Each structure stands twice: as structure tokens, then as C-alpha cells.
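Everything below concerns the one structure shown next.
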Amino acid sequence: MKWNALYILIFFSSFLPFAQAQTGKHTYRFKNEFTVAQPECGPDLVPQQAAGSCSAATTHGRFLEDVLPCGGRRSIYHNNTNWGLAYPNTDGLVSESYTIQLYLKVTDWGKTWTRIIDFSNGTRDDGIYFKNTPGRTERCLDFYPNGIIGECPFFNNSTYYLLTFTRDGATGRMDVYVNNNLFASYIDASKTYVGKAGSPIYIFRDDNVETCESGEANFAYLAFHGKYFSQAEVNKSASEICFEASINAYPDFAITPGAVCGTAKQVEVKYTGSIPAPGTGYDFKWDWDGAQVISGSGMGPYVLSWATGGTRNVTLTITSQACGNAIVNSKKIVMSNPKLTAEVASGSCDTGTDGTITLTAAEGISPYRYSIDSVNYQATNVFRAPVGKYRVYVKDDNGCVTGQNVNVTFTSDITVNTMPDTTLCVGQSVTLATASNGQTFSWLPQTGLDNAGALEPVATPEATTRYIITATKGFCTQTDTVQVRVSPKIEVNVTPDAIIEYNVPFQLNANSPQIINYAAATFLWTPSDGLNDANIKSPIAILRENQTYTVDVTSDLGCTGSATVNLSIKRQESIAIPTAFSPNGDGKNEVLIPVVNDIESIRYFRIYNRWGQLVFFTDQLNTGWDGSFKGATAISGTYVYEIEGISTKGRVINKRGAVMLLQ
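If you count by mature numbering (1 follows the signal peptide of the UniProt record, and there is no 0), then the sequence shown holds residues -21 to -1, 1 to 642, one letter each, in order.
What follows is the structure, given as C-alpha cells:
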């Protein structure tokens, strides 16, 4: 926000040396006392009646409670009219360089002037005031006698303001901040607004020159610093005023974790107070309440552990080496390791009554809360629960949780026992043999069963199936399971059909991808003719004639499959002449043609009649005699032939014989 100053008063003067001030801090929080915040070595504030003849109350004021802007209700100090506070400034903390901070709310402005700060020990009217503006209830800020500075009017009597008056002794510059905003700057060349060692500085107390310039306010915080504040330092003060005004941060420390579940776990203690490391000027004394210090010294941080559970107090005492003032801060850490026992009462099978679970906790931090689902906790430790398996929990006041498993059952004599797991071949069936004293039954899944409500149904599953039987008696049920494995159909792979050598051994083989253990399988080859062993996986065949074999394979589970192989004998190179033919025009056996096998060519094929006459000749394959001689039909009777051919392997084959011609 921009501040529009009505008056900007700047004084120029020659450079004047200034006294070196201390850089300490004296803090007052008005919690039913005027003493300085420990372990600071500052003087106490003193209530002081205004000088002069103004009428004043018989008491200086009172401590009461008020709600600060950050929402906290706490003790503050309220001064009465014509009463103020004296800061002795014994050691000259406030000199030419200083900062004075007030966190207050004015409740009564008085008449025209309200003295805020008096540096003159009541001897002069010079000072810092709130001043009225005719016709307005708000007030202005006046550096009397030099006039008003900053926005005017501005201040009301219903708001807490953090007022920061900070002076730089080197330049005489005095800055006024409202909260974290620079309200105005003023050059105090005449050193009107400086302090002196041993000369009190008055807050809200008027002098003896112009009396009765007094007001009333609620004081929540007052601090005197022996140094000039930068904008950044003011920003920090303003951002932390809710905490700083209420909490003495000197002895603060953090314990991580704040609560421990179980014992012998490590805990970190870390100093978080406002004394900068290494803590020069102060003694730090820690009391660990029996802990083992694993690491750490001085300001810390420390790592600790306790051997047993319970509540432990970690205490820090900080003592000023300058004046012996001390402040003590103690924090608790709770270590718990709750134990849980569960007592289960079974439900009634006859009436259907639920069971009960009673939980008992010990060795934790009470009060305890209980749960059977880890989500919803209750103070009572008894649960009604249907039959089933549960995990129960107890949580103690430290937030530590312990759980255990319990099983709620019915008191029942119901039994059900089905058969052991078994194996079938595809298409086979099995009766699920079961014994039970139940009243009704149900099987799941129902697939492949002839009656899913029977005690012993017949199962014909198409694939491996785990069947569950549920037997019911009254309100109780009991289950059992049986797995029916289905072995896949046996697929037999056999030696492919082949043409084999005449009377030469030939290897046969049969196998199946469904058979893992061939030693437990059986093989049967039929017929057994020509085989060395018809009951093995790979027999040897020696054949003189064509043969078809069928092999039947049976697995160790009794599942079967079969396959067939055709073996043909490879014919030897030969020439054959039919014993008769009938060229009579009926279309059957009209020509006498040699029957050959692996014959490449014919050198001659001759036929003679009974008088030795040559009646037919050819040297061509697939050419024969049609029964004619010299253009006429030959007479019926016996004829002689001779033939010579060359095989595909170059062998010469001769053959002679007789053939009957039939008309």
C-alpha cells in the first residue's frame, strides 16, 4: 500500500558522532507480569503514573484477556488513564540506534494528544504522539514538536497494530512501520528521539510540561532492540507477530516422532528456538528422563532411545551466562506397545445366533478403542459377528495399533468329505463319492454334473474342474472340494505311408504329444504279421507283400488313440506275358502285350506258331500282337514267345514261354 504523508519533515545537519548501542533484546508479553522474557537479562517494566496534576485512577491498570487478530485469546495488559509503563533502560540498550516495537490496540484516545513514547524522562514535551483531527475519530502520528508524519488520519481504536519505531544512529534516520508497511521516515538530526543509559523511556505516560495527554490501550507485546531494523527484519517480525507476541521461542525444541509405537526406536530431538547456533552466551542443559543418547551435544540435534515404554519428559533449561536468568521447557513423548487378546464365543448352528468377539488391551496408553475392520473404531470392546474370519485391532491413546486374526465359527457337528482328486479322459464320467450328515447339498460349478443338488452326482466335465460341495444343516454349512482333472484326447502320430523294399527291414514309429511318460504307456500294432514286436513304440517290419498296420496307444491314465500306416512293396524289374488272350472283338484281352516293371526298352518280342513260323515281332514297349498273321486271323491254339528287355538299371532280362490264342 502507498502511504500519502501529509507532512514530510527532513532536517539536515552536519555529521555528529553517535554512541555505540548494544545489540540485545528485551521482550515483554504481559502474561500477568511485567518481567522480561527469560532468559533475557533485561529490567522489569514499572507501571508509572503520569507527571503533573491530572486525575488518575487509584490503580495503574489490570491484566485481562482479549482476542488477538490471529484468533487466540490470551492475557494482555490494559493501562488506566494517566498511567503508563517505564522501561528503565538501565544498560542503555536504547540509545541512538534502536528499535521499539509495540503490539497494541488503543481503546481510549483521551482528549487531543496521546503520548506513545517519551525519551525525556518526563522533562520535555518532545516525543511521539497520537493526535486527533477535528471532526474525525481516527488519529494521526505526530513527532512533536516537528509535526505529523504519514497518512493522517489513519489509526482507529478497534485494531491491533504492530508499531515499529527504528532509528539508525549513523544517519539519524528514523523509520516508522505499521505492521510491515513503511508508514513514514524522519531524519532526527537533533537527536530528539534517542535514549540514554539509566534514563527511563516511558510508554503511554505523559510528561510534566503539558499534562493530561494520556490514553488507554491493550498491550499484547513490547520489545526493545539495540539495533536498527531493515525492511526485511520488519517483514519477518510482522509475519511472526501472532507467534512472537504469545510464545517465548527461546527454549523451543521439536521431538520427532512425537509419539512412538514400540520401544527401543530412535527419536530425534532438535532445538528450534530463537537463539542462533552455536548458542554463544547461553548454557543448554538437557534432561532425557533415562534415555540413551545415541548422538548429539550442546544445542543438538540429538538422537535418543528408551528401553521401555511409557510417558517420558524431555526438558531443556537455557540459562543466560550474563545474568543467570533461566527458562525451562518440558515436552512429553509417549511410547506405547499395546498388546491385544481376543476371546471368541461361537454362534449357534441351531438358532443362527451370531458369535461374539471380546477384545482386551494392555501395556498401551489408555483409553483404548477397538475395531474389526481397521477403519471404524469404538470404545466398547465387544462385537457381535457372523461366522467368518476377521482381523481385529486395538488403538491406544498414542495412536499405536495392534491387530490379530480371529475365526468365528458355529458350534456344529456337520461334516462333509468328498472323494480325493481324480483324473478322467475326455468323454469319461465319474461319480463324486461323498459322505456327509448334512440335510441339503449344492455343488458348484454345476457344469458337467447330472444333478448339482445330489450328494453324489455324476461328473462328466469337458475340462479340468474344481467342484465345491456345500452341505447345510440348520443354519450351518460346511464345504469340501474335489478336483476332476480331464486328460486331453490322445493324438497319435505314426510313420507316414511308404513304399518299401521287398523283404528289407523298415522302422515304424508311433508317438503322442499328450503322453509324457512313454514307459507307462502301452502300444499295440495290428496285424502283427511281419513285425518283430507288436507291443512296442517303434517295431521293425519286414514285408514281401503290401500291408496296412493300425497302432492303438493307451496312456498311463487309460486314455486311448489310434493311427494307421500303409506300406507298399516296391516291385522288382520284370517282364511278364499273359498265358492267354482272345482277339474276338468283344473288347476284352484283344491284344497280347508284355507286362513290364522297371523295363526301359525291348530288344525283341517274337511269337512263333507250332510249325516254327514267326507270326509277330516288335522292339517297342507297350506294343503287342493282335492275333493276326499275314493279314488274316490266326487259328486258335498254342503259340511260343520269346522276349528280351533292358531294365532301368541296365540289366538284360530274357523270357520264353507259351501263350494260348482263343477265338
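Using N, Cα and C, we set each Cβ at its ideal position, and we do this for glycine too. It should be emphasised that the depicted structure is a prediction, and the values quoted were computed from it without experimental measurement.
Neighbour-count burial assignment, residue i, 16 or more Cβ in a 10 Å radius
| i | result |
| --- | --- |
| Pro230 | buried |
| Arg94 | buried |
| Asn496 | exposed |
| Asn525 | exposed |
| Thr419 | exposed |
| residue 657 | In this structure the chain extends from -21 to 642, so residue 657 is not present and cannot be described. |
| Ile478 | exposed |
| Leu283 | buried |
| Pro518 | buried |
| Ile622 | buried |
| Arg118 | buried |
| Gly606 | buried |
| residue 643 | Since the first residue shown for the chain is -21 and the last is 642, residue 643 is missing from the structure and cannot be characterised. |
| Pro562 | buried |
| Ala256 | exposed |
| residue 649 | With the chain running from -21 to 642 in the structure shown, residue 649 is simply not present. |
| Leu593 | exposed |
| Leu641 | exposed |
| Asp97 | buried |
| Arg589 | exposed |
| Ser76 | buried |
| Arg635 | exposed |
| Cys49 | exposed |
Residues of its chain near residue i, where Cβ-Cβ distance is below 6 Å and the 5 sequence neighbours each way are ignored
| i | result |
| --- | --- |
| Asn159 | Val213, Asn214 and Ala217 |
| Thr251 | Asp231, Phe232 and Ala233 |
| Ile572 | Gly603 |
| Thr505 | Thr529 |
| residue 643 | The displayed coordinates of the chain run from -21 to 642. Any statement about residue 643 would go beyond what the structure contains. |
| Asn365 | Note on identity: in this sequence residue 365 is Pro, with Asn being the wrong assignment. Once the five neighbours on either side are set aside, the close Cβ partners of Pro365 are Asp333. |
| Thr60 | Ser193 and Glu195 |
| Ile344 | Val313, Ser315, Asp375, Asp376 and Asn377 |
| Asp167 | Gly151 and Met153 |
Segment limits, alpha helix (DSSP H) that includes residue i
| i | result |
| --- | --- |
| Asn214 | Gln210 to Ser218 |
Residues sharing a beta bridge with residue i, DSSP
| i | result |
| --- | --- |
| His204 | Lys4 and Thr78 |
| Thr397 | Thr413 |
| Met314 | Val239 and Gly289 |
| Phe584 | Thr597 and Ile622 |
| Thr296 | Lys264 and Val307 |
| Tyr156 | Thr143 and Leu161 |
| Met639 | Ala559 and Thr617 |
Sequence-distant residues of its chain with Cβ nearer than 7 Å to residue i (five each side left out)
| i | result |
| --- | --- |
| Tyr56 | Phe9, Gly40, Phe42 and Phe198 |
| Ile306 | Gln17, Pro18, Asn227, Tyr229, Pro230 and Ile297 |
| Thr539 | Ile469, Asp531, Val532 and Thr533 |
| Pro26 | His39, Gly40, Trp62 and Leu64 |
| Pro467 | Val405 and Gln493 |
| Asp535 | Asn496, Ala499 and Ala500 |
| Ser276 | none |
| Gly21 | His5 and Val15 |
| Gly279 | Val248, Lys249 and Tyr250 |
Residues near residue i by beta carbon distance below 8 Å, same chain, minus five either side
| i | result |
| --- | --- |
| Phe222 | Ala228 |
| Asp329 | Gly453 and Phe454 |
| Glu552 | Asn576, Asp577, Ile578, Ser626, Thr627, Lys628, Arg630 and Ile632 |
| Asn482 | Ile521, Leu522 and Arg523 |
| Ser327 | Phe389, Thr390 and Phe454 |
Residue i: first and last residue of the uninterrupted beta strand (DSSP E) it sits in
| i | result |
| --- | --- |
| Ala36 | Unbroken run through Ala36: none, as it is neither H nor E. |
| Thr501 | Thr501 to Thr505 |
| Ile336 | Gly334 to Ala341 |
| Leu24 | Where Leu24 is concerned, there is no enclosing beta strand (DSSP E), given that its DSSP letter is neither H nor E. |
| Trp92 | Trp92 to Asp97 |
| Ser547 | Thr539 to Ile548 |
| Leu423 | Thr419 to Leu423 |
| Gly367 | Gly367 to Lys374 |
| Lys110 | Gly106 to Asn111 |
| Val387 | Val380 to Val387 |
| Ala65 | Trp62 to Tyr66 |
| residue 650 | Not covered by the structure: residue 650. The range shown for the chain is -21 to 642. |
| Thr451 | Thr444 to Lys452 |
| Phe121 | Reading the sequence as shown, one finds Asp at residue 121 and not Phe. Looking at the DSSP string, the run of the beta strand (DSSP E) that includes Asp121 is Arg118 to Tyr123. |
| Tyr281 | Tyr281 to Ser284 |
| Val248 | Val246 to Tyr250 |
| Tyr56 | Arg52 to Asn58 |
| Ala433 | No beta strand (DSSP E) contains Ala433, which DSSP labels as neither H nor E. |
Any non-hydrogen atom of the ligand FMN closer than 6 Å to residue i Cβ
| i | result |
| --- | --- |
| Leu201 | The ligand FMN is not part of the structure shown, which contains no ligands of any sort. |
Interface flag, residue i vs chain C, CB-CB below 7 Å
| i | result |
| --- | --- |
| Asp105 | Going by chain labels, chain C is absent from the structure shown, which holds only one protein chain. |
Checklist entry - What runs of the alpha helix (DSSP H), each 4 residues or longer, lie entirely inside the region 459 to 486? => result Counting whole runs of 4 or more residues, the region 459 to 486 contains no alpha helix (DSSP H) stretch at all.
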